[in-house]
Amino acid sequence: MDDKSLMGPRTQAILASVLAAILAGCGESVDPNEPQGFIQAKGSDTMVNAIQMVSEEFMKQYPHIFVAVTGGGSGVGIASLINKTCDVATASREMKPKEIELANQHGVYPKETVVAYDGVAVIVNRNNPVDKLTIEDLHNIFTGKATNWKRFGGKDLPIVTLSREVSSGTHMYFKEEVIQLGKKDNKDEFSKETLLLTSSQAIVEEVAGNEEAIGYLGMGYLSDRTKALQIGKGGGESYLPTVENVLKKTYPLSRGLYAYTNGEPQGIVKRFIDFTLSPAGQKQFTEAGFVPVQISPPTAELQNSTGGTVARRD
Amino acid sequence: MPAGTNESIVQSHVKPRALEVGFHASMKRLWRKISEPIIELCIRLSGLIVVLFVFLIFLFLLRDSLSLFRHYPLVQFLTGRKWLPISDPPQFGVVPLLLGSVYVTFWAVVICVPLGVGSAMFIAEVAPKAIKNVLKSFVEILAAIPSVVLGFLGIIWLGPVLRDTFHLSTGMCGLTGSLLLAFMALPTIISISEDALTGVPRSYREAAYGLGATHWQTLWRVILPSASSGIVAAVMLGIGRVVGETMVVLMVTGNAPVVPTSILQPLRTLTATIAGEMGETVGGSEHYYALFAVGLVLFVITFAVNFIADLFLRRARR
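Protein sequences appear in the order of chains U and W.
Going by this note's numbering, the first residue of the first sequence is number 1, and it counts up by one from there.
Going by this note's numbering, the first residue of the second sequence is number 1001, and it counts up by one from there.
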């Protein structure tokens, strides 16, 4: 009897506290008309800081919508969109036809929205005298054909190439544009000695401390600690990755930043995408160092893709 | 009469209580009879469940990795020297990853075994009681440092220091990983070796002293050899810890999928490959199955290492 009477109050206390917790959760009065819910945005490591800033502004405007932002790489975002574990996949590259096909097989129909523009900056240590390189130079450096800075007018030092992991959209973009020189059937690969780092910040840290290093990343990660190179293409002039050069598309490594949703965005996800494209949302991209889509359209081609198309290639 | 009523009242109070007590006692006896087999059953079940889990994990790994070999030849997986998972066509050669893990582990062991066994000897045999207690708790704190914190220190501090010391192109190399992993395996090695050393019977020591051996001679020639099985087991468990560690190597070894020829080179381990690439694979793709195959290779290695450790631990107990 004594044992039972001891157990009684304890279980009651636990039950009461659980109930209280549940009631407290329900007790908060929410206007039923006010949008509420949970959005999972996952993907591009290049965009993660900008998207985080956008979502913080967004959550100020809609206090009952919670947005969780995670990075990992564009590949991670696209994979989780296909595996249906996120609502918005952010990507610093377009989805590949193979991925769209795979998504359709899983009953996911990706809808693309261009949310900003970016230039893939190539960075070196501040003490490196080299200021400009061409796409062909970069090709030779990153495929391991050129291994000494001397060849490019630098010091007599070996070149250490830094790359992002294969899950990164920037890795994929760089591979297509620089390693394969834009040709799909090109079989060149990143040199095997290339270091594959897990985040853009890790590349910044390594380049800032290593005179022999060269790496690439989204222009949002540029800072005084590293030096961005001017990039030229095919004997033409070289340009720095600035907002203006990316807008004019004179910077050779300019690209779009994308948000993918399953089908036409609806409900709170639509609100989030709309907010991202609104002046308030675009302002965050500018602050993060990217190029907003809202100011004067860069080129007709880019302008066309701003609206987005459903599963363009089939 | 009043007395009688009083008595009857008392009786009526006592009687049910006595009954209740008797009932309780018999219930207790009954409960004891039932409870022992129940508890025994529960313990047996939990033991079996653990075995079942290991078996199921193995089956799961096997099933998904075998799916790879339907499209990709096993020989090419085991002997391929290129790991290019996103190329077209992809190449899944496990040799660079396997050798990366072997290199990092080997050097971690070379670094941490002498250090670990040495400190175990000091703690068990030499240190005065006060220092011994302090050291033991510090070793436990060492075990509690999260690996991601060590990885962070590796990027910010250890990597640049090694780069400048050895005049390397980059501090993100195998040695940075080996040093941090050695640090992580130390607590395991120290505490298990220390147990083995203190477990050596007193009579051995007394016999050695009786024959005129010095403290050092006793420690080196008598106690250490008789604790050797336990120490080998400690080393094997340390190796198991090092092989399976992921976060540190992912952060500091540079992850270049080369076939390594030196520990001062960037390299990529089995664990870092799985952790770095798992997020981007879509369930059911070739790349996804390839990572499971890598996981199977890792599982086989850690299983073998733990099995050997177990053999030695058994021998130590005998």
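Backbone N, C-alpha and C define an ideal beta-carbon position, used for all residues, glycine too.
Taking the DSSP output, what are the residues bridged to residue 41 (chain U)?
Along the first sequence, one-based indexing puts residue 41 (chain U) at 41. U:69 and U:88, per the DSSP bridge assignment.
Under the DSSP definition of a beta bridge, which residues are partnered with residue 163 (chain U)?
Indexing the first sequence from 1 puts residue 163 (chain U) at position 163. Bridge partners of residue 163 (chain U): U:196.
Given that a residue counts as buried once 16 or more other Cβ atoms are within 10 Å of its Cβ, and exposed if not, what is residue 1118 (chain W)?
The sequence position of residue 1118 (chain W) within the second sequence is 118, counting from 1. It counts as exposed.
Where residue 255 (chain U) sits in the DSSP three-state scheme
Position 255 of the first sequence holds residue 255 (chain U). The answer is strand: DSSP assigns residue 255 (chain U) an E or B state.
By the three-class DSSP mapping on this structure, what secondary structure does residue 180 (chain U) have?
Numbered from its first residue, the first sequence carries residue 180 (chain U) at position 180. Coil, per DSSP.
Can you check whether the C-beta of residue 55 (chain U) is within less than 8 Å of a C-beta belonging to chain W?
On the first sequence, position 55 is the one that residue 55 (chain U) refers to. With 8 Å as the cut-off, residue 55 (chain U) does not count as an interface residue toward chain W.
If you follow the alpha helix (DSSP H) that residue 1072 (chain W) is in, where does it begin and where does it stop?
Here residue 1072 (chain W) is taken as the residue at index 72 of the second sequence, counted from 1. For residue 1072 (chain W), there is no enclosing alpha helix (DSSP H), since its DSSP letter is neither H nor E.
Just reading off the alpha helix (DSSP H) that residue 284 (chain U) is part of, what are its end residues?
The residue you call residue 284 (chain U) lines up with position 284 of the first sequence. Boundaries of the alpha helix (DSSP H) harbouring residue 284 (chain U): 279-287, taken from the DSSP string.
Go ahead and pull the three-state DSSP assignment for residue 1133 (chain W).
Counting from 1 along the second sequence, the entry for residue 1133 (chain W) is found at position 133. When DSSP states are grouped into helix, strand and coil, residue 1133 (chain W) belongs to the helix group.
Here's the rule I'm using: 16 or more other beta-carbon atoms within 10 Å means buried, otherwise exposed. How should residue 1217 (chain W) be labelled?
Sequence index remark: in the second sequence, residue 1217 (chain W) carries index 217 (1-based). Answer is exposed; the Cβ neighbour count stays below 16.
Find the residues of chain W that neighbour residue 177 (chain U), judging by a C-beta separation of less than 9 Å, and give them in chain order.
What you label residue 177 (chain U) is simply residue 177 of the first sequence in a count that begins at 1. For residue 177 (chain U), there are no C-beta contacts with chain W under 9 Å, since the nearest C-beta of that chain is about 15 Å from it.
Along the region 73-93 of chain U, what residues have a CB closer than 7 Å to any CB found in chain W?
If the cut-off is 7 Å between Cβ atoms, the region 73-93 of chain U has 73, 75, 76, 79, 82 and 83 near chain W.
Check whether residue 287 (chain U) and residue 47 (chain U) have beta carbons under 8 Å apart:
One-based indexing of the first sequence puts residue 287 (chain U) at position 287. One-based indexing of the first sequence puts residue 47 (chain U) at position 47. Result no, Cβ atoms of residue 287 (chain U) and residue 47 (chain U) do not sit closer than 8 Å.
So residue 167 (chain U) contacts chain W; which residues on that side make the cut at Cβ distance below 8 Å?
Here residue 167 (chain U) refers to the residue found at position 167 of the first sequence. Under the 8 Å cutoff, chain W gives 1276, 1277, 1279 and 1280.
Sorted by chain position, which residues of the same chain lie with C-beta nearer than 7 Å to residue 186 (chain U)'s C-beta, five sequence neighbours on each side aside?
Numbered from its first residue, the first sequence carries residue 186 (chain U) at position 186. Result list for residue 186 (chain U): 180, in chain order.
Measuring only between beta-carbons, confirm whether residue 227 (chain U) sits less than 8 Å from chain W.
Counting from 1 along the first sequence, the entry for residue 227 (chain U) is found at position 227. It does not: the Cβ of residue 227 (chain U) has no partner Cβ on chain W nearer than 8 Å.
Residue burial classification, residue 1319 (chain W) (beta-carbon count within 10 angstroms, cutoff 16):
This structure does not reach residue 1319 (chain W), given that chain W is present from 1001 up to 1318, and the question cannot be answered.
Neighbour list for residue 1155 (chain W) in chain U, Cβ cutoff strictly below 9 Å
Translated into the one-based positions of the second sequence, residue 1155 (chain W) becomes position 155. Chain-order list of chain U residues neighbouring residue 1155 (chain W): 202, 205 and 206, by C-beta distance under 9 Å.
Count the other CB atoms within 10 Å of the CB of residue 139 (chain U); is the residue buried (16 or more) or exposed (fewer)?
By 1-based counting over the first sequence, the position of residue 139 (chain U) is 139. Buried, by the Cβ-count rule.
Burial state of residue 1181 (chain W), where buried means 16 or more other Cβ atoms lie within 10 Å
The residue given as residue 1181 (chain W) occupies position 181 in the second sequence. The residue is buried, with at least 16 neighbouring Cβ atoms inside 10 Å.
Could one say the Cβ of residue 1085 (chain W) lies closer than 8 Å to chain C's Cβ atoms, at least one of them?
The structure shown contains no chain C; its protein chains are U and W.
Does the Cβ of residue 1300 (chain W) have 16 or more other Cβ atoms within 10 Å, making it buried, or fewer, making it exposed?
Residue numbering aside, residue 1300 (chain W) sits at position 300 when the second sequence is read from its first letter. Around the C-beta of residue 1300 (chain W), fewer than 16 other C-beta atoms lie within 10 Å, and the residue is accordingly described as exposed.
Can you tell me the Cβ-Cβ gap for residue 1109 (chain W) and residue 1239 (chain W), rounded? I've got them flagged as a contact below 8 Å.
On the second sequence, residue 1109 (chain W) is found 109 positions in, with the first residue counted as 1. On the second sequence, residue 1239 (chain W) is found 239 positions in, with the first residue counted as 1. Yes, residue 1109 (chain W) and residue 1239 (chain W) are in contact; Cβ-Cβ is about 6 Å, under 8 Å.
Helix, strand or coil for residue 1305 (chain W)? Go by DSSP, reduced to three states.
Residue numbering aside, residue 1305 (chain W) sits at position 305 when the second sequence is read from its first letter. Looking at residue 1305 (chain W) - three-state DSSP - the assignment turns out to be helix.
Using the rule of at least 16 other Cβ atoms within 10 Å of the residue's Cβ for burial, across every protein chain shown, is residue 171 (chain U) buried or exposed?
Taking the first residue of the first sequence as 1, we reach residue 171 (chain U) at position 171. Here residue 171 (chain U) is buried, its C-beta having at least 16 other C-beta atoms within 10 Å.
Have a look at the DSSP bridge pairing and note the partners of residue 238 (chain U).
Numbered from 1 along the first sequence, position 238 holds the residue referred to as residue 238 (chain U). DSSP, once it has assigned bridges, lists U:232 as partnering residue 238 (chain U).
CA-CA distance, residue 240 (chain U) and residue 223 (chain U)?
Locating residue 240 (chain U) in the first sequence gives position 240, counting from the first residue. Locating residue 223 (chain U) in the first sequence gives position 223, counting from the first residue. Taking the CA atoms as reference points, residue 240 (chain U) sits about 13 Å from residue 223 (chain U).
Residue 305 (chain U) versus residue 1092 (chain W) - alpha carbon distance
One-based indexing of the first sequence puts residue 305 (chain U) at position 305. One-based indexing of the second sequence puts residue 1092 (chain W) at position 92. Reliability fails at residue 305 (chain U), whose pLDDT of 41 lies under 50, so the model's placement of it is uncertain and no value is given.
Residue burial classification, residue 1254 (chain W) (beta-carbon count within 10 angstroms, cutoff 16)
The residue labelled residue 1254 (chain W) in the question sits at position 254 within the second sequence. In the assembly as shown, residue 1254 (chain W) is a buried residue. Its beta-carbon has 16 or more other beta-carbons within 10 Å.
At least one CB of chain U closer than 8 Å to the CB of residue 1246 (chain W): is that the case?
Along the second sequence, read from residue 1 onward, the residue named residue 1246 (chain W) stands at position 246. It does not: the Cβ of residue 1246 (chain W) has no partner Cβ on chain U nearer than 8 Å.
Residues bridged to residue 1091 (chain W) (per DSSP):
What you label residue 1091 (chain W) is simply residue 91 of the second sequence in a count that begins at 1. In DSSP, residue 1091 (chain W) forms a bridge with W:1084.
Go to residue 1232 (chain W), then tell me how far its beta strand (DSSP E) extends in each direction, as first and last residue.
On the second sequence, position 232 is the one that residue 1232 (chain W) refers to. It is not in any beta strand (DSSP E) - residue 1232 (chain W) instead sits in the alpha helix (DSSP H) that spans 1228-1244.
Just reading off the beta strand (DSSP E) that residue 112 (chain U) is part of, what are its end residues?
Indexing the first sequence from 1 puts residue 112 (chain U) at position 112. For residue 112 (chain U), the enclosing beta strand (DSSP E) stretches over residues 110-124.
Any Cβ of chain U within less than 8 Å of the Cβ of residue 1093 (chain W)?
As a first step, residue 1093 (chain W) is located in the second sequence; it is residue number 93 there, counting from the start. So no, residue 1093 (chain W) is outside the interface.
Can you list, in chain order, the residues of its chain whose CB lies under 6 Å from that of residue 1190 (chain W), leaving out five sequence neighbours each side?
Translated into positions along the second sequence, residue 1190 (chain W) becomes position 190. Answer for residue 1190 (chain W): 1116, 1119, 1120 and 1139, listed in chain order.
Under the assumption that residue 85 (chain U) contacts residue 232 (chain U) (Cβ atoms under 8 Å), give the Cβ distance between them as a whole number of angstroms.
Translated into the one-based positions of the first sequence, residue 85 (chain U) becomes position 85. Translated into the one-based positions of the first sequence, residue 232 (chain U) becomes position 232. Residue 85 (chain U) to residue 232 (chain U), Cβ: 42 Å. No contact.
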